[in-house]
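S.K.: Below you will find the structure I want to go over with you.
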Amino acid sequence: MANMAQAIRMALHYAEENLGVMDIFGEDVGPPLGGVFTATQGLKNVWNSPLDERGIIGTAIGLAMAGQRPVAEIQFADYIFNTIDLLKLAGNTCWASNGDWNLPMVVKTPVGSGIRGSLYHSHSFDATATHIPGWKIVIPSNPLDAYGLMISACQELNPVMFLEPKALLRVKGEERIPGEPDDDRQLSKMIDAPLGDRSAWKPQWPTLEAYAVPIGQGKVVREGDQMTVVSYGRTLPLCAKAADTLREEGIRAEVIDLRSLWPYDWELIRRSIEKTGRVLFVNEDTEVTNFGEHLVRRTVEELFYKLLAPPRLLAGKFLPGIGLADTLEMASVPQLPDILQALRALASEQP
Amino acid sequence: MSRPRLLNREDASAPLTLDRELLVRIHDLMVKARVLEERLIQMYKQGHGFFWIGGPGEEAFNVPLGMLIKKGQGPEFDYLHAHYRQSATLLALGEEPIGALRQMKNTATDPYSGGRNFAGHFSKKAWNIAPVSSPIEVQYAIAPGTAMAQKRHGGDGITIVTGGDAGTAEGDFASCLIWSSRPANPLPILIIVTNNHWGISTSSEGQHGETHIADRGRAFNIRSKTINGNDPAESYRELKEAMEYVRKERKPFLLEARVSRLYGHSSASGANFVTNEVDCLKEFEARLEGEGTLTRQQMDALRHGYAEELAAAARLVRDEPLPSVDTLWNHVYAEKK
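Order-wise, the sequence lines are chains G and D. For the first sequence, our numbering assigns the number 518 to the initial residue and increments by one for each residue that follows. For the second sequence, our numbering assigns the number 83 to the initial residue and increments by one for each residue that follows.
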């Protein structure tokens, strides 16, 4: 199966051919590199921008105003923070113009820990992104959803923030992307640029389909009736693995992959918590004013009388950065043992 | 310290060189724009608006700009990324002044923002007028995008972006210079700085070391010029030339126009008439009268007519309803029709 970087690349190819995407740009997004994670290799409408995040976001806004469908990349989410007012402007343009203007644009940016990125290549952006009204925000945890969410993002009439969990960009999927060839190595030969000089290289794209994951729709990835786990991005596969481990211990955890952070699938979360009575929210952004805190607050307000235990949040520690040493990184953001411990504690919680 | 000598400054006593019909049209629009701004200030002082900001004093530049824009929707027409001092440009494009009064009062009928934004924050997709924002200079970072679409589209549509001199301290101004002049894809964009020498209460003399802001374009090999924006004839000719260059060559042009700020920054600084700056309308009228193009009586009658018209419009607007609370959530997202 394709890995996530390949999935994103294929979705962008589909969008170039079928959805009117004429600009896919950012730092090193065009040839020869095709993106620092190779997610944009071989695409025909890619181009390199100056090293200027504000210019990238500003130009995407202008292109969208002119009826284009730009896909702009901020190379690492850690460097998006000097564009906050432009992101806010993109989010408020339709509202502030009383519906006269809309901005169909996608901003894609790698997020999160897991590549030994140290202070400035490990940051999350979900808490900040969900504080900017007017955007739709998605974050896949697997290649198929990455493909489907990117297709939806490129068809959207509004700005979409596509967060790419960088620790998962090389992880192969478990479900085939429609049109993807059976053999991984064949796919790699078709769409991965060769090492060394690739100036003469041209990709051979599979015949792809309009498989879209609707924005706002979450997914149950593990069934369970004793507790609910809600997560997304890098921590989602860890939660699924934790649920598998606990199942062997007789604890049945339902795992929800949110996939969309805004708008999110509250109905799915609500039904699950009503069934299980216990919930753990997991993500790796810093724990103070974390997006999961919004979910906890809403759970308390709307589902208090259904709860058997206080809703819990497991998130990154509120530190100035994620330290480079493995010991520091592992202790800074949720890992599998942390999730298992939190779930066991939740399962055994008694008033 | 004396102000630097303006490049190519036309001798103030030389005859106006535009034809009479054009001069009369420019004057008409300048008067209308000035009266509109004075009416907006009056509304603020009477409590019929929370905040005023606008462009009185910039009419000599902003009117010719609006007259020269290729108006329409889509990349074959010109895009305007304006800042909040351009009511004169909007009127020159053909907009009705009552819209600005409605925005001032925040009525439901405010055609630019439905009661959501400050005065002077125009927006009109049908004419490619991008929404004006309060964060200054972001328009410089955005403008390369529409220009890029126009470059791809072909034709002679250009992007025009305007902002003040104080804001050129922001990185977005440099972004615009860089993105417009990238050798990989030079862009058809007219980058304008209306230089009034002020950043709210702070004089540019202590903040900007460059002799001419336009000189910064040379670093990027952008054709650049500084003009007297208080002279409507010079403004018209120089804007026309700059636009023709951008339309034909599909490359950027940086135009700095020296202008006056006749009522201060905004209502926050009192919106009182400033007596020690050039009044472009007063100077223009003296020349029109001196050359026999218009009589004082004709010009006074014109101003009086517009003053009456806008006073009536203001009375109408005063009674219009504010947006209903149930419109609060409208347009957070665009929806497919």
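Note that the Cβ used here is the ideal one computed from N, Cα and C, for glycine as well.
(1) Please report how far the alpha carbon of G/A760 lies from the alpha carbon of G/Q852, in whole angstroms.
(2) To test your reading of the DSSP string, which unbroken alpha helix (DSSP H) runs of 4 or more residues are found completely within the region 748-805 of chain G?
(3) In three-state terms, what does DSSP make of G/M732?
(4) Measuring only the C-alpha atoms, how far is D/I282 from D/H347?
(5) For D/D297, count the other beta carbons within 10 Å of its own beta carbon; 16 or more makes it buried, fewer makes it exposed. Which is it?
(6) Can you give me, in chain order, the residues of the region 639-667 of chain G that have a beta carbon less than 7 Å from any beta carbon in chain D?
(7) DSSP puts D/R305 in a beta bridge; with which residues?
(8) Quick one: which chain D residues come within Cβ less than 8 Å of G/N675?
(9) Which residues in chain D sit within 9 Å of G/C611, going by Cβ to Cβ distance?
(10) For G/Q585, which residues in chain D fall below 7 Å Cβ to Cβ?
(11) Output, in chain order, the set of chain D residues within a Cβ distance shorter than 7 Å of G/N619.
(12) How do the region 745-765 of chain G and the region 667-687 of chain G stand: do at least 3 beta-carbon pairs fall below 8 Å, yes or no?
(13) Pull up the CB-CB distance for D/G136 and D/L150, whole angstroms please, since I reckon it's below 8 Å.
(14) Which value, in whole angstroms, describes the spacing of the CA atoms of G/E766 and G/E804?
(15) Rounded C-beta distance between G/V495 and G/E818? I'm assuming under 8 Å.
(16) Using the Cα positions of G/A476 and D/R305, report the straight-line distance between them to the nearest angstrom.
(17) Per DSSP, which residues does D/F355 bridge with? Please list them.
(18) Alpha carbons only, please: which of G/D569, G/R571, G/I578 and G/G543 is nearest the one belonging to G/N562?
(19) With 8 Å as the threshold, decide whether the Cβ of D/I224 is near any Cβ in chain G.
(20) Taking a Cβ distance cut-off of 9 Å, strictly less, list which residues of the region 185-210 of chain D are near chain G, in chain order.
(21) Just to confirm my understanding: we take D/V414, look at its own chain, exclude 5 residues before and 5 after, and list those with CB closer than 7 Å. What are they?
(22) Assuming D/L118 contacts D/S195 under a Cβ cut-off of 8 Å, what Cβ separation, rounded to an integer in Å, is found between them?
(23) When the distance is taken between beta carbons, is D/E287 closer than 8 Å to D/G245?
(24) Contact defined as beta carbons within less than 8 Å: I believe G/S658 pairs with G/I839. What is the distance between those atoms, to the nearest angstrom?
(25) Can you grab the Cα-Cα spacing for the pair D/E365 / D/E140, in whole Å?
(26) Closer than 9 Å by beta-carbon distance: list the chain D residues that pair up with G/M678, in chain order.
(27) Short of 6 Å in beta carbon distance, which residues of its chain neighbour G/N619, apart from the five on each side in sequence? Order them along the chain.
(28) Measuring straight from C-alpha to C-alpha, what distance separates G/R526 and G/V628?
(29) In the region 570-585 of chain G, which residues sit with their C-beta less than 8 Å from some C-beta in chain D, listed in chain order?
(30) Does the beta carbon of D/A170 come closer than 8 Å to any beta carbon on chain G?
(31) With DSSP as the reference, label G/E590 as helix, strand or coil.
(32) Go ahead and label G/T816 buried or exposed: buried means 16 or more other beta carbons lie within 10 angstroms of its beta carbon, across all protein chains shown.
(33) For D/S263, would you say it is in contact with chain G, using Cβ-to-Cβ distances shorter than 8 Å as the test?
(34) Below 8 Å on C-beta distance, what does D/T228 contact in chain G?
(35) Between the alpha carbons of G/E866 and G/R769, how many angstroms are there, rounded?
(36) Which residue comes first and which comes last in the beta strand (DSSP E) that contains D/H163?
M.R.: In short, the structure shows the following:
(1) Taking the first residue of the first sequence as position 1, residue 760 of chain G is located at position 243. Taking the first residue of the first sequence as position 1, residue 852 of chain G is located at position 335. For G/A760 and G/Q852, the distance between alpha carbons rounds to 14 Å.
(2) Look at the region 748-805 of chain G and you find these whole runs of alpha helix (DSSP H), each 4 residues long or longer: 752-764 and 783-793.
(3) By 1-based counting over the first sequence, the position of residue 732 of chain G is 215. Reading off the sequence shown, one finds Ile at residue 732 of chain G, where the question assumed Met. Under the three-state reduction of DSSP output, G/I732 falls in the coil class, being neither helix nor strand.
(4) As a working mapping, residue 282 of chain D is identified with position 200 in the second sequence. As a working mapping, residue 347 of chain D is identified with position 265 in the second sequence. The alpha-carbon atoms of D/I282 and D/H347 are separated by roughly 5 Å.
(5) On the second sequence, residue 297 of chain D is found 215 positions in, with the first residue counted as 1. The C-beta of D/D297 has fewer than 16 other C-beta atoms within 10 Å across all chains shown, which makes the residue exposed.
(6) The residues in question are P650 and G651.
(7) Looking up residue 305 of chain D in the second sequence gives position 223. DSSP lists D/F335 as partners of D/R305.
(8) Taking the first residue of the first sequence as position 1, residue 675 of chain G is located at position 158. Within chain D, the residues near G/N675 are Y415 and A416.
(9) As a first step, residue 611 of chain G is located in the first sequence; it is residue number 94 there, counting from the start. What G/C611 touches in chain D: H413, V414, Y415 and A416.
(10) Counting from 1 along the first sequence, the entry for residue 585 of chain G is found at position 68. Chain D residues near G/Q585: A231.
(11) Residue mapping note: residue 619 of chain G aligns to position 102 of the first sequence, counting from 1. For G/N619, the C-beta contacts it makes with chain D under 7 Å involve A416, in order along the chain.
(12) Yes: the two stretches touch, three or more of their Cβ pairs being nearer than 8 Å.
(13) What you label residue 136 of chain D is simply residue 54 of the second sequence in a count that begins at 1. What you label residue 150 of chain D is simply residue 68 of the second sequence in a count that begins at 1. Not confirmed; about 21 Å, so no contact.
(14) Residue mapping note: residue 766 of chain G aligns to position 249 of the first sequence, counting from 1. Residue mapping note: residue 804 of chain G aligns to position 287 of the first sequence, counting from 1. In this structure, the CA atom of G/E766 is about 29 Å from the CA atom of G/E804.
(15) Residue numbering for chain G in the displayed model covers 518 to 868; residue 495 of chain G lies beyond these limits and cannot be assessed.
(16) Examination of residue 476 of chain G is not possible in this model, given that chain G is present from 518 through 868 alone.
(17) Within the second sequence, numbered from 1, the residue matching residue 355 of chain D stands at position 273. None, per the DSSP bridge assignment.
(18) Against the first sequence, residue 562 of chain G aligns to sequence position 45. Looking at G/D569, G/R571, G/I578 and G/G543, the one whose alpha-carbon comes closest to that of G/N562 is G/G543.
(19) For this step, residue 224 of chain D is matched to residue 142 along the second sequence. Yes - at least one Cβ of chain G is within 8 Å of the one on D/I224.
(20) So the close ones are D192, P193, Y194, S195, G196, G197, R198, N199, H203, S205, K206, K207, A208 and N210.
(21) Stepping through the second sequence from its first residue, residue 414 of chain D is reached at position 332. Listed in chain order, the non-local C-beta contacts of D/V414 below 7 Å within the same chain number zero, local neighbours out to five positions each way being set aside.
(22) Sequence index remark: in the second sequence, residue 118 of chain D carries index 36 (1-based). Sequence index remark: in the second sequence, residue 195 of chain D carries index 113 (1-based). Actually they do not touch by this definition, with Cβ atoms about 17 Å apart.
(23) Position 163 of the second sequence, counted from the start, is the residue given in the question as residue 245 of chain D. Position 205 of the second sequence, counted from the start, is the residue given in the question as residue 287 of chain D. Cβ distance not < 8 Å, so D/G245 and D/E287 don't count as in contact.
(24) By one-based count along the first sequence, residue 658 of chain G stands at place 141. By one-based count along the first sequence, residue 839 of chain G stands at place 322. With 8 Å as the limit, G/S658 and G/I839 do not qualify as a contact, their Cβ atoms being about 19 Å apart.
(25) Taking the second sequence and counting its residues from 1, the one referred to as residue 365 of chain D is at position 283. Taking the second sequence and counting its residues from 1, the one referred to as residue 140 of chain D is at position 58. Their backbone Cα atoms lie some 13 Å apart in a straight line.
(26) Counting from one through the first sequence, the residue named residue 678 of chain G turns up at place 161. Going along chain D, no residue has its Cβ under 9 Å from G/M678, so there is no contact; the nearest lies around 14 Å.
(27) On the first sequence, position 102 is the one that residue 619 of chain G refers to. Same-chain partners within the cutoff: C611 and L674.
(28) For the purposes of this step, residue 526 of chain G is taken as residue 9 along the first sequence, with counting starting at 1. For the purposes of this step, residue 628 of chain G is taken as residue 111 along the first sequence, with counting starting at 1. About 17 Å.
(29) Here the close residues are R571, G572, I574, G575, T576, A577, I578, G579, L580, A581, M582, A583, G584 and Q585.
(30) By one-based count along the second sequence, residue 170 of chain D stands at place 88. By the rule that beta-carbons nearer than 8 Å mark a contact, D/A170 does not touch chain G.
(31) Locating residue 590 of chain G in the first sequence gives position 73, where the first residue counts as 1. In the three-state reduction of the DSSP assignment, G/E590 falls in the strand class, which pools E and B.
(32) The residue labelled residue 816 of chain G in the question sits at position 299 within the first sequence. Per the 10 Å Cβ criterion, buried.
(33) One-based indexing of the second sequence puts residue 263 of chain D at position 181. The beta carbon of D/S263 sits no closer than 8 Å to any beta carbon of chain G.
(34) On the second sequence, position 146 is the one that residue 228 of chain D refers to. The CB of D/T228 comes closer than 8 Å to the CB of G579, L580, M582 and A583 in chain G, given here in chain order.
(35) Position 349 of the first sequence, counting from 1, holds the residue named residue 866 of chain G. Position 252 of the first sequence, counting from 1, holds the residue named residue 769 of chain G. Approximately 15 Å between the Cα atoms of the pair.
(36) Within the second sequence, numbered from 1, the residue matching residue 163 of chain D stands at position 81. Counting along the chain, the beta strand (DSSP E) containing D/H163 begins and ends at Y161 to H163.
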